[in-house]
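The block underneath contains the structure these notes are about, expressed in structure tokens.
Residue numbers (this note's numbering): 49 to 478.
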């Protein structure tokens with residue numbers, strides 16, 4: 049990632065500043081000169097409050113701390129995603145985009161003064177400890193979260209790998225707060241995973257959108273094709289559940305992999321360089337083979353860009369639950385002290401002009417949050433082959449194989465339904 053002068057030209061489309069801090073594709077952030085005069089009365093009031101704190105607060109406070117707190121307050125008051133990044137937080141953000149960083153492995157935001165879990169990241173300490181999307185963190189060790197900024201909470205959650213932190217969590221449906229002890233670790237996010245579900249049907253899981261996600265997706269699909277008959281896929285399940293977002297360019301690259309023309313996403317804002325649009329190239333890696341995209345409430349931002357683009361182009365069936373609904377874009381502006389501000393500068397729109405801000409992507413097929421469970425049959429129906437002296441089938445076809453067939457989807461109900469849908473589409477296409 050290149051840095052230009054004192055302005056870091058990046059777009060952020062990750063869900064929110066969290067344990068995974070993610071940034072997006074390049075855009076030059078242009079400073080817009082103010083067309084109105086400075087609000088002198090308001091500045092006078094600010095100066096008076098500043099002086100009163102310096103003169104009368106119970107402890108001495110440095111000018112630096114007061115002014116930095118004022119900057120944090122200005123940004124926090126705008127929206128949940130605009131924030132101030134000190135030098136360390138800015139460094140953590142850049143590390144997060146490379147897919148390796150220290151922490152717990154959760155994407156978080158603020159809601160009603162508490163830390164809200166957007167989603168736990170696959171195979172991380174938080175994921176293994178049982179943290180779930182929608183959890184509200186009310187205490188970090190013994191410190192109440194109420195009154196903290198998001199950056200302050202993130203600093204506490206980050207720490208030396210191998211050390212523990214106690215999260216006190218409120219979860220819908222639970223009668224009392226839950227206490228989870230989580231051991232911090234170096235988080236290595238594997239962006240893309242893949243496997244064959246059944247002959248001809250592939251599965252790709254994208255956990256987050258990083259620098260190499262687009263390239264990794266191409267490698268994954270090529271690998272799936274090699275494992276398939278005639279080196280082609282009959283269908284693909286693209287799993288974006290609990291994917292908090294990440295790089296805008298990665299989301300565009302993933303969408304482009306399955307489209308052969310048309311608009312993918314566009315952004316609109318007040319400054320000129322926040323107005324952009326991204327279009328698909330001529331190559332569809334699957335050559336029109338059906339796709340089912342799985343989403344849920346933890347699918348945010350860059351995930352919603354992909355789901356929205358494929359839905360608008362009728363290139364995929366979107367299945368699952370309503371997505372998170374993060375439709376704004378943040379620009380990172382570096383300051384001369386090594387820190388930066390993350391400022392909301394634009395909204396993004398799907399190809400048909402939909403803004404998903406606070407709405408999310410509505411699935412074409414909505415599924416309940418249930419799991420599959422195989423029950424042992426207490427009664428097995430008698431068939432012809434079970435009758436004494438039944439006639440033997442003289443067909444030369446391969447003998448019937450008796451025994452249980454291992455399900456490639458485990459107890460994952462949405463994945464089971466996605467695979468069945470792909471099979472059904474292919475039956476109708478014959």
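Each residue gets a CB set at the ideal place from its N, CA and C atoms; glycine is no exception.
Residues near residue i by beta carbon distance below 6 Å, same chain, minus five either side
i: residue 276; result: 248
i: residue 397; result: 314, 403
i: residue 371; result: 343, 347, 352, 408, 409
i: residue 252; result: 242, 268, 286
i: residue 324; result: 315
i: residue 435; result: none
i: residue 300; result: 312, 326
i: residue 159; result: none
i: residue 173; result: 152, 153, 230, 231, 233
i: residue 373; result: 404, 406, 407, 408
Residue i: first and last residue of the uninterrupted alpha helix (DSSP H) it sits in
i: residue 107; result: No alpha helix (DSSP H) holds residue 107; DSSP gives it neither H nor E.
i: residue 431; result: Unbroken run through residue 431: none, as it is neither H nor E.
i: residue 306; result: It is not in any alpha helix (DSSP H) - residue 306 carries neither H nor E in the DSSP assignment.
i: residue 200; result: 198 to 205
i: residue 175; result: 173 to 177
i: residue 122; result: 111 to 124
i: residue 267; result: 261 to 274
i: residue 353; result: 350 to 360
Residue i classed as buried or exposed, judged by whether at least 16 other C-beta atoms fall within 10 angstroms
i: residue 282; result: buried
i: residue 152; result: buried
i: residue 94; result: exposed
i: residue 262; result: buried
i: residue 279; result: exposed
i: residue 466; result: buried
i: residue 414; result: exposed
i: residue 304; result: buried
i: residue 441; result: exposed
i: residue 100; result: exposed
i: residue 366; result: buried
i: residue 475; result: exposed
i: residue 439; result: exposed
i: residue 118; result: exposed
i: residue 274; result: exposed
i: residue 183; result: buried
i: residue 356; result: buried
i: residue 239; result: buried
i: residue 104; result: exposed
i: residue 90; result: exposed
Beta-carbon proximity list for residue i, same chain, < 7 Å, skipping 5 on both sides
i: residue 477; result: none
i: residue 126; result: 392
i: residue 209; result: 150, 232, 233, 234
i: residue 226; result: 217, 219
i: residue 179; result: 154, 165, 168, 228
i: residue 175; result: 153, 168, 169
i: residue 81; result: Bear in mind that the predicted position of residue 81 carries a pLDDT of just 43, short of 50, making it too unreliable to give a figure here.
i: residue 111; result: none
i: residue 205; result: 67, 151, 152, 188, 213
i: residue 462; result: 342, 367, 368, 415
Contact belief for residue i with residue j at Cβ below 8 Å, rounded distance in angstroms
i: residue 338; j: residue 470; result: 6 Å
i: residue 201; j: residue 188; result: 6 Å
i: residue 394; j: residue 322; result: 4 Å
i: residue 230; j: residue 213; result: 6 Å
i: residue 250; j: residue 215; result: About 36 Å separates the two Cβ atoms, so there is no contact after all.
i: residue 258; j: residue 293; result: Contact doesn't hold; Cβ gap of about 11 Å is too wide.
i: residue 289; j: residue 368; result: 7 Å
i: residue 221; j: residue 194; result: Their Cβ separation, rounded to whole angstroms, is 22 Å, which puts residue 221 and residue 194 out of contact at 8 Å.
i: residue 302; j: residue 265; result: 6 Å
Chain-order list of residues whose beta-carbon lies under 8 Å from that of residue i (same chain, five-residue window excluded)
i: residue 199; result: 65, 120, 131, 132, 133, 134, 137
i: residue 385; result: 135
i: residue 335; result: 280
i: residue 376; result: 127, 129, 392, 394, 395, 396, 405
i: residue 211; result: 231, 232
Bounding residues of the beta strand (DSSP E) (the contiguous stretch that carries residue i)
i: residue 383; result: Element bounds for residue 383: n/a, residue is neither H nor E.
i: residue 133; result: 131 to 133
i: residue 230; result: 226 to 231
i: residue 163; result: 162 to 168
i: residue 477; result: It is not in any beta strand (DSSP E) - residue 477 instead sits in the alpha helix (DSSP H) that spans 461 to 477.
i: residue 326; result: 324 to 327
i: residue 212; result: 212 to 218
i: residue 185; result: 184 to 188
i: residue 365; result: 365 to 368
i: residue 159; result: 154 to 159
i: residue 242; result: 240 to 246
Any chain B beta carbon closer than 8 Å to residue i
i: residue 132; result: Of the protein chains in the structure, only one exists, and it is not chain B.
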